[in-house]
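In this note's numbering, the protein residues as written are 1 to 279.
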Amino acid sequence: MTEPIYYVNGEYMPASQAALGLNDLGIVRGYGVFDLLRTYDGKPFKLYEHVLRLQRSAAQIKLTLPWTAAEIEQIALETYARNAIANATIRIVATGGASEDFMTPPAQPTLVVMINEIAPTPLEQYTKGVKVITTQIDRIMPTVKSLNYITAIIAMQAARPAGAVEAIYRTGDDRLTEGTRANFFVFQGNRLITPKTDVLGGITREVVLEIAEDDFEVVEAPLYYADLATYDEAFITSSTKEVLPVVQIDDITIGQGRPGPNTQKLIELFRTYVSRTAK
Numbered sequence: 001m002t003e004p005i006y007y008v009n010g011e012y013m014p015a016s017q018a019a020l021g022l023n024d025l026g027i028v029r030g031y032g033v034f035d036l037l038r039t040y041d042g043k044p045f046k047l048y049e050h051v052l053r054l055q056r057s058a059a060q061i062k063l064t065l066p067w068t069a070a071e072i073e074q075i076a077l078e079t080y081a082r083n084a085i086a087n088a089t090i091r092i093v094a095t096g097g098a099s100e101d102f103m104t105p106p107a108q109p110t111l112v113v114m115i116n117e118i119a120p121t122p123l124e125q126y127t128k129g130v131k132v133i134t135t136q137i138d139r140i141m142p143t144v145k146s147l148n149y150i151t152a153i154i155a156m157q158a159a160r161p162a163g164a165v166e167a168i169y170r171t172g173d174d175r176l177t178e179g180t181r182a183n184f185f186v187f188q189g190n191r192l193i194t195p196k197t198d199v200l201g202g203i204t205r206e207v208v209l210e211i212a213e214d215d216f217e218v219v220e221a222p223l224y225y226a227d228l229a230t231y232d233e234a235f236i237t238s239s240t241k242e243v244l245p246v247v248q249i250d251d252i253t254i255g256q257g258r259p260g261p262n263t264q265k266l267i268e269l270f271r272t273y274v275s276r277t278a279k
């Protein structure tokens, strides 16, 4: 495979040559935000919405971005155009920039765009469902897609040995909020429920809420660990996982222990939506 081309502060270069200075606040302080989307057969999916979310994340951590949404979108498109990858991830990163005192953001932040071939989710995960675990690690600013993924990395270090593909955050009052890299949904009968607070506004999440309205009662409300046995179905969503059925949470089997009919319908609705909009 040809080496990907990245964008770094106004220049396009092979991935192996792309670098930031060691005094960049994204490196020394973790001060920065990012967003990630995917392409379908050469067309970015919901690029503008992802750029807007990047701007919202930056605003929440007081990181001033001098680029408009349209300018960032164009940079991402140009970077992608320089890569011959039909199905790719586009990662847009904005950091505080190179700081002389390793603390004060300079006038010019850093902007990076990285293009990589997408790693497809195994088909059997959609047909058989997956296991996730829960984690009670405290998070900072969950509504910001920041560079600080310490809690996510720690959580996934526990998930993988347990045979789980994701870890769902569990708050001190026993609420289930979202995964380390995914939003979380359940079905109770015909009611589709997903948390509204303490979660990142997922782009795939918003699509699912939209396409589900005609077939299900959609509710944004807290989900509690103690209620897991009452949920008929569960799934997680993300740009790369799309709609992925969950059949086990910790040692608790969800529903019949296989992807349920409502989740299967949403998978098909989502794929139809993609085929209609990503052409």
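Idealized CB from N, CA, C, for every residue including glycine.
Residue i (DSSP reduced to helix, strand or coil)
i: Arg191; result: strand
i: Ala229; result: helix
i: Ala221; result: coil
i: Phe102; result: coil
i: Arg258; result: coil
i: Thr95; result: strand
i: Val199; result: coil
i: Thr2; result: coil
Local Cβ density within 10 Å of residue i, reported as buried at 16 or more and exposed below that
i: Thr135; result: buried
i: Ile153; result: exposed
i: Asp35; result: buried
i: Val130; result: buried
i: Val207; result: buried
i: Leu176; result: buried
i: Thr127; result: exposed
i: Met156; result: buried
i: Arg271; result: exposed
i: Gln256; result: exposed
i: Pro122; result: exposed
i: Gly314; result: Outside the displayed range of the chain (1 to 279) lies residue 314, so it cannot be described from this structure.
i: Ala226; result: exposed
i: Ala289; result: In the structure as shown, the chain begins at 1 and stops at 279. Residue 289 is therefore absent and cannot be evaluated.
i: Tyr224; result: exposed
i: Gln55; result: buried
i: Ala19; result: exposed
i: Gly21; result: exposed
i: Glu268; result: exposed
i: Glu233; result: buried
Residue i: first and last residue of the uninterrupted beta strand (DSSP E) it sits in
i: Phe235; result: Glu233 to Ser238
i: Glu242; result: Glu242 to Ile249
Span of the alpha helix (DSSP H), counted from its first residue to its last, around residue i
i: Ile254; result: Segment: none, Ile254 is in no alpha helix (DSSP H) and carries neither H nor E.
i: Glu213; result: Looking at the DSSP string, Glu213 is not in any alpha helix (DSSP H), and its letter there is neither H nor E.
Closest by C-alpha distance to residue i, when choosing among the options
i: Thr204; options: Phe235, Gly129, Leu228 and Thr197; result: Phe235
i: Lys62; options: Tyr7, Ile133, Val144 and Val8; result: Val144
i: Asn190; options: Asp214, Asn9, Thr68 and Val8; result: Asp214
i: Thr194; options: Leu200, Val186 and Thr180; result: Val186
i: Thr64; options: Gln108, Ile137 and Arg29; result: Gln108
i: Asp24; options: Gly97, Leu228 and Met103; result: Gly97
i: Pro14; options: Gly21, Lys46, Tyr80 and His50; result: Tyr80
i: Val113; options: Ser275, Glu233 and Pro4; result: Pro4
i: Val165; options: Glu124, Val218 and Gly202; result: Glu124
i: Ile72; options: Ala59, Leu52, Ala88 and Asn87; result: Leu52
i: Arg29; options: Asn148, Glu117 and Pro120; result: Asn148
i: Met141; options: Ala229, Thr39, Val199 and Thr263; result: Val199
i: Tyr231; options: Thr240, Glu242, Ser239 and Gln248; result: Gln248
Contact test: residue i Cβ vs the ligand FAD heavy atom, cutoff 7 Å
i: Asp215; result: Among the components of this structure there are no ligands whatsoever, and the ligand FAD is therefore not found.
Contained alpha helix (DSSP H) runs [length at least 4] in the region 7–87, N- to C-terminal order
25–28, 47–60 and 69–81
Could you give the uninterrupted runs of the alpha helix (DSSP H) lying entirely in the region 105–182, keeping only those of 4 residues or more?
123–128 and 150–159
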